[in-house]
Amino acid sequence: MADLVVIGSVALDNIEGPAGTSGDILGGSATYACYAASFFARPRLVACVGKDFPVAARQALEERPIDLAGLATLDGPTFRWAGRYAPAFKTRETLSLDLGVFMQFNPKLDRPLPAGSILLLGNIDPDLQLKVLDQAGPAAFVAADTIDHWILNKREVLIKGLARTHLMFLNDEEARLLTGEDNLVKAGAAVRGMGPKIAVIKKGEHGALMFTERGLFAIPALPLDQFADPTGAGDVFAGTMLGVMAAKGAPDIAGYAAADPLLREAMAKATVMSSFAVAEFGVNRLRSLTPAQIESRLEALRALVRF
133 MADLVVIGSV ALDNIEGPAG TSGDILGGSA TYACYAASFF ARPRLVACVG
183 KDFPVAARQA LEERPIDLAG LATLDGPTFR WAGRYAPAFK TRETLSLDLG
233 VFMQFNPKLD RPLPAGSILL LGNIDPDLQL KVLDQAGPAA FVAADTIDHW
283 ILNKREVLIK GLARTHLMFL NDEEARLLTG EDNLVKAGAA VRGMGPKIAV
333 IKKGEHGALM FTERGLFAIP ALPLDQFADP TGAGDVFAGT MLGVMAAKGA
383 PDIAGYAAAD PLLREAMAKA TVMSSFAVAE FGVNRLRSLT PAQIESRLEA
433 LRALVRF
């Protein structure tokens, strides 16, 4: 099994939407990614929280096989986000945002990462992503995520990081914004032209697309009758995909980039894990998830696309 290091946020979220109100719950990009990845590998979390971080939230992280040595507790409040989803989850509105100690976040790796290891750069400031890349060294397989804010406000720095990234995760809106291409097939090719060997474009309820040197792979989302909270679903997708890759391992960057059957398997399992994540607020559904339930839903996905 390969090392998997996840850099990102751990937060407390307050969510309003068609399914009700969550109250302060455990959230953050690194939380979702690590929680999902931990079903397949043992991710190492690098993030920060404040001294007000609840004991119950820390215990929720400790339930999973996640290396928490890199979770720093800083003097100040934990990153908090509050948002509201419109009916049918058509749009999302940020009600409040308090970065707290996340403004002081200065992620550090204790050593360069060896060949075969995987690094996930969550949707943090592109300048921080570059700092982590400098520490990680050239041997690790690097995956990255971003958000529209960084595309609009730190495009040049983001593109510098893209040139050193091997797998890029974007949602469809971000892909169009980054590339200027309305057509997602052209957008995927344009992302690969910026450096990443693999581009994954997430389309929410419409599935996901993966672009590699072998061409295009598309997978649908699972139709669901239980949907409460889409927050973090994209991070669950990314964490799962990389967790599956880490579980199988590869000797070097080229090994991961060329492993098309493994990448497709990882995409399928990422689709399944995301379908569970949205069923309840935060990571609540993942906390009760079993391997048997994952396998059962994976079989349902196979049946859905078989013809």
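FYI, in this note's numbering the residues of the sequence shown are 133 to 439.
Quick reminder that beta carbons are idealized off the backbone N, C-alpha and C, glycines included.
Its chain contains Y217 as the residues whose beta carbon lies nearer than 6 Å to that of G149, once the 5 sequence neighbours on both sides are disregarded; these appear in chain order.
Taking the C-beta atoms as reference points, S154 is found no nearer than 8 Å to D367. R176 carries a strand assignment under DSSP once its states are collapsed to helix, strand and coil. In chain order, M377, K380 and A382 place their CB closer than 8 Å to the CB of A391, counting only its own chain and leaving out the 5 sequence neighbours on each side.
Scanning A295, R224 and Q267 for the CA closest to the CA of L245 turns up Q267. Scanning the stretch 284-340 for uninterrupted alpha helix (DSSP H) segments of 4 residues or longer gives 287-294, 304-311 and 316-325, listed from N- to C-terminal end. For D199, the uninterrupted beta strand (DSSP E) segment begins and ends at D199 to L206. Straight through space, the alpha carbons of G140 and L290 are spaced by roughly 16 Å. A buried status is given to E306, since no fewer than 16 other beta-carbon atoms sit within 10 Å of its beta-carbon. By the beta-carbon neighbour count (other beta carbons within 10 angstroms, threshold 16), Q261 is buried. Boundaries of the alpha helix (DSSP H) around R396: D392 to A409. Taking a C-beta distance under 8 Å as the contact criterion, A365 and I351 do not qualify as a contact pair. Excluding the 5 residues flanking it on each side, T210 has same chain C-beta neighbours closer than 6 Å at L144, V181, G182, D184, F185 and G232, in chain order.
Judged by DSSP secondary structure, G375 falls within the alpha helix (DSSP H) whose first and last residues are A365 to K380.
For S249, the closest of A400, M133 and E412 by C-alpha to C-alpha distance is M133. D277 counts as buried, since at least 16 other C-beta atoms from the protein chains shown sit within 10 angstroms of its C-beta. According to the DSSP secondary-structure assignment, A143 is paired through a beta bridge with G159. Beta-bridge partners of W213 (DSSP): D145 and L229. The stretch 402-421 makes no contact with the stretch 313-329; the number of CB pairs closer than 8 Å stays below 3. Contact between A275 and L299 holds, since their C-beta atoms are separated by about 4 Å, short of 8 Å.
Only residues of its own chain outside the window of five on either side were considered, and among them C180 have a CB closer than 7 Å to the CB of A204, listed in chain order.
Residue pairing for L253: DSSP places it in a beta bridge opposite I139 and A276. Annotation for N146: S154, G155, D156 and A214 place their beta carbon closer than 7 Å to its own, counting only its chain and skipping 5 residues before and after. Excluding its 5 nearest sequence neighbours in each direction, P197 has C-beta neighbours in its own chain below 6 Å: S170 and R174, listed in chain order. The residue from A201, A247 and E427 with its alpha-carbon nearest to that of L241 is A201.
C-alpha of D135 to C-alpha of R176: approximately 8 Å in a straight line.
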